[in-house]
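>
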Amino acid sequence: MKQATIFLVVIIFTILLLFPLYIMFKISVSQPSDIFTEKPSYLIRHFTLSHFKDIFASRGTFFLPLRKSLVVALLSTFFSLLIAIPSAYAISKFNYRLRYILILLIFMLRMMPEISIALPISIGFIKIGLFDTYFGLAIAHLIKILPVACFILVGIFSSIPIDLEKQARIDGCSRLRAFIWIVLPLSLSGIVVAGIFSFLLSWDEFIYASYLTLAHPTLPLKMYYYVSHPDIFYSATYAMIITIPVLILTFTFQKYIKAEYLSGAIKG
Amino acid sequence: MEIILISPLLIFLLCFMFLPIWRTLILSFKDTLSNQFSLSNYKDLIQQASFRKALYNTIFIAGVSLVLEITLGLILALILSRNTKITAGLRMLFILPLAIPTVVVAVMMSYIFSSSGWINRILMDLSLIKAPISWMSGGINSLIMIVLADCWKVTPLVMLILLAGIQSIDKDLYRQARVDGAGSLHIFRQITLPLLAPYITCAVIIRGIDAFRIFALPFILMGQNLKVLGTYAYLEYAEYNNAYLSAASSVLLFIMILAALVIYIKAVGKKGLSLA
Chain A
1 MKQATIFLVV IIFTILLLFP LYIMFKISVS QPSDIFTEKP SYLIRHFTLS
51 HFKDIFASRG TFFLPLRKSL VVALLSTFFS LLIAIPSAYA ISKFNYRLRY
101 ILILLIFMLR MMPEISIALP ISIGFIKIGL FDTYFGLAIA HLIKILPVAC
151 FILVGIFSSI PIDLEKQARI DGCSRLRAFI WIVLPLSLSG IVVAGIFSFL
201 LSWDEFIYAS YLTLAHPTLP LKMYYYVSHP DIFYSATYAM IITIPVLILT
251 FTFQKYIKAE YLSGAIKG
Chain B
269 MEIILISPLL IFLLCFMFLP IWRTLILSFK DTLSNQFSLS NYKDLIQQAS
319 FRKALYNTIF IAGVSLVLEI TLGLILALIL SRNTKITAGL RMLFILPLAI
369 PTVVVAVMMS YIFSSSGWIN RILMDLSLIK APISWMSGGI NSLIMIVLAD
419 CWKVTPLVML ILLAGIQSID KDLYRQARVD GAGSLHIFRQ ITLPLLAPYI
469 TCAVIIRGID AFRIFALPFI LMGQNLKVLG TYAYLEYAEY NNAYLSAASS
519 VLLFIMILAA LVIYIKAVGK KGLSLA
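Protein chains in written order, with the working numbering: chain A, 1 to 268; chain B, 269 to 544.
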């Protein structure tokens, strides 16, 4: 009886989970005649890739946003790791109180709605010529990414036994060498996770992108365009195109995605 | 040495978080006409019916979705914490929504909830309702729609955090309780829940902040037709070009989050915070 209830609950949850995804996929591969009817069928009737082909064939209107999303995501991942690795390493060496204050501060800054940061920044970027550029958007995305990347990395660096480093120092390693040869290899998986999170946070970012772009949209903005100028097939297909790389990344690295990484830094 | 390593982060936080927020704060206290310090923006806000509506919507969505997400997340975590091959597979399946971008979730949900959408279709096929429910025309229906959409996206995160908590509980405690003849419900209330409390707190704090700041889902699904504070601040600037009111509403949202957090932490007290 108890087993049956659990089984039923799991089935219901699974259906609720998969159904919206299935509908999105279904629309992106269906012909208009199958969607615009009184009662669209639950199953995919006439499978077609024509919406994908149309979008790929539209050349610049697709490839420029794709390039911008990719370049910005890679740039912000690079800068995120460049800034977060040394900082998180330093924070992990701080005493408990100082670390707590720093994390609390970052938390407080995160409580401010993004609009209130995005607006002054877009005005500032117009002045210094970073508006609507790859570099400018990557910088803006770091606002969202850096706290998360630091959280993850502080947790990782704190978990490495300090004795290992001390031993290396005694053996005559400089601090930098000890960091590169001892700490970095041991924390590689955590760094990979921080990198993936950075990439993903930038890849689907919407608010900063909408404030900081005019002529050169990113993929999420492009998708939003087809939501607001209703074209159900293009919006569904763009949604699929945005989602597929994310799914691949997440499932490739899913064994690394653990709650510990998100709460590691707070645990102390 | 540490100062040199951490300085890029501090400089970045200063330039790109602290300063913009500071400017927004200053802006919110400036009078639109005289540029003098005044509370006129806040007065204007509170007098606006649309702002009060947005405030109400935000509190409703944040409150209901938090309760729902923690409950569902806990149920899922309890089920999936058993160690079998099936649960391992299910754990992988249930983190799926974490990987779906919020903007994509919004688009997906618009297919589900539109008036000729799938939820109406299914409810009618099951003959649970006679006429389609209009989810996207404002009011309580739209609030529920946004809550459900948010739950779809976020419950897995809550589940992950709580799962980590459940797995950290010493299995011997359960065995001992069984030996002493305790029932399942008793074990849950006396062992699982107290030991899980810090993780629940952690989930509430991480989620609570984002629940109040909800933006993409109401923005894409409802736009002008149903504002929350996040979209109110955005639209006030985008549509009416009123940076002052936009800034003031952002600050109010911030104060609200901070207040909610302080009240919550006061309420759960020290024992809920041993982890945080």
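For glycine and all other residues, C-beta sits at the position ideal for the given N, C-alpha and C.
#1: Could you give the residue range of the alpha helix (DSSP H) that holds A:H141?
#2: Give me the Cβ distance between B:L464 and B:N325, rounded to the nearest whole Å; I'm assuming they're in contact under 8 Å.
#3: I think A:Y238 touches A:L219, with their Cβ atoms under 8 Å apart; what is that distance to the nearest whole Å?
#4: Quick one: which unbroken alpha helix (DSSP H) runs of 4-plus residues sit fully inside the stretch 169 to 228 of chain A? Chain order, please.
#5: Answer yes or no: do A:A269 and B:E270 have a C-beta to C-beta separation smaller than 7 Å?
#6: Are any of the Cβ atoms in chain B nearer than 7 Å to that of A:I313?
#7: Decide yes or no for the touch test of the stretch 519 to 539 of chain B against the stretch 472 to 481 of chain B: beta carbon pairs closer than 8 Å, at least 3 of them.
#8: By Cβ distance, which residues of its chain are closer than 6 Å to A:Y134, with the 5 residues on each side in sequence left out?
#9: For B:W386, go through chain A and note every residue whose CB falls closer than 7 Å to its CB, in chain order.
#10: Checking the sheet assignment: what are the DSSP bridge partners for B:K298?
#11: Which bits of chain A does B:S514 rub up against, with CB to CB less than 9 Å?
#12: Quick one: complete beta strand (DSSP E) runs, 3+ long, within the stretch 310 to 382 of chain B?
#13: I'd like to check one pair, B:A367 with B:L431: are the Cβ atoms closer than 7 Å?
#14: Taking only beta-carbon atoms, is B:L277 less than 7 Å away from chain A?
#15: Helix, strand or coil: which one does DSSP assign to A:I11?
#16: With the cut-off set at 7 Å, would you say B:Y467 and A:I115 are in Cβ contact?
#17: Determine, using beta carbons only, whether B:Y379 comes closer than 7 Å to chain A.
#18: Within a Cβ cutoff of 6 Å, which residues of the same chain sit near A:A149, ignoring the five residues on either side of it in sequence?
#19: Less than 8 Å between C-beta atoms, sequence neighbours within five positions excluded: which residues of the same chain meet that for B:A535?
#20: Specify, as a first and last residue, the run of the alpha helix (DSSP H) that A:H51 falls within.
#21: Kindly say whether B:L453, judged by its beta-carbon, lies nearer than 7 Å to any beta-carbon of chain A.
#22: Apart from the five residues on each side of it in sequence, which residues of its chain come closer than 7 Å, Cβ to Cβ, to B:L281?
#23: Determine whether the beta carbon atoms of A:Y208 and A:A140 lie at a separation below 7 Å.
Straight from the coordinates:
#1: Y134 to S158 is the span of the alpha helix (DSSP H), which, as asked, contains A:H141.
#2: Going by Cβ atoms, the distance from B:L464 to B:N325 rounds to 31 Å, so no, they are not a contact pair.
#3: Yes, A:Y238 and A:L219 are in contact; Cβ-Cβ is about 7 Å, under 8 Å.
#4: Those alpha helix (DSSP H) runs which fall completely within the stretch 169 to 228 of chain A and span 4+ residues are 175 to 178, 188 to 203, 207 to 212 and 219 to 228.
#5: Coverage of chain A is limited to positions 1 through 268, which leaves residue 269 of chain A absent and any answer about it impossible.
#6: Because chain A is modelled from 1 through 268, residue 313 of chain A falls outside the range shown and cannot be assessed.
#7: Pairwise C-beta distances place the stretch 519 to 539 of chain B in contact with the stretch 472 to 481 of chain B, as three or more of them are shorter than 8 Å.
#8: Excluding sequence neighbours, A:Y134 sits near V71 and V72.
#9: Those within 7 Å of B:W386 in chain A are I23.
#10: DSSP, once it has assigned bridges, lists B:F305 as partnering B:K298.
#11: Using a Cβ-Cβ cut-off of 9 Å, B:S514 is close to I115, S116 and L119 of chain A, given in chain order.
#12: Fully enclosed beta strand (DSSP E) runs of 3 or longer: not present.
#13: Going by beta carbons, B:L431 and B:A367 fall outside the 7 Å limit.
#14: Yes - at least one Cβ of chain A is within 7 Å of the one on B:L277.
#15: Helix.
#16: Not in contact: B:Y467 and A:I115 (Cβ atoms no closer than 7 Å).
#17: Taking Cβ atoms only, chain A reaches closer than 7 Å to B:Y379, which makes this a yes.
#18: Excluding positions up to five away in sequence, the list reads S80, A84, A194 and S198.
#19: In the same chain as B:A535, and ignoring 5 residues on each side of it, no C-beta atom comes closer than 8 Å to its own.
#20: S50 to A57 is the span of the alpha helix (DSSP H), which, as asked, contains A:H51.
#21: With 7 Å as the cut-off, B:L453 does not count as an interface residue toward chain A.
#22: Scanning its chain for C-beta atoms nearer than 7 Å, with the 5 sequence neighbours on each side dropped, one finds no residue around B:L281.
#23: A:A140 is positioned such that its CB atom lies closer than 7 Å to that of A:Y208.
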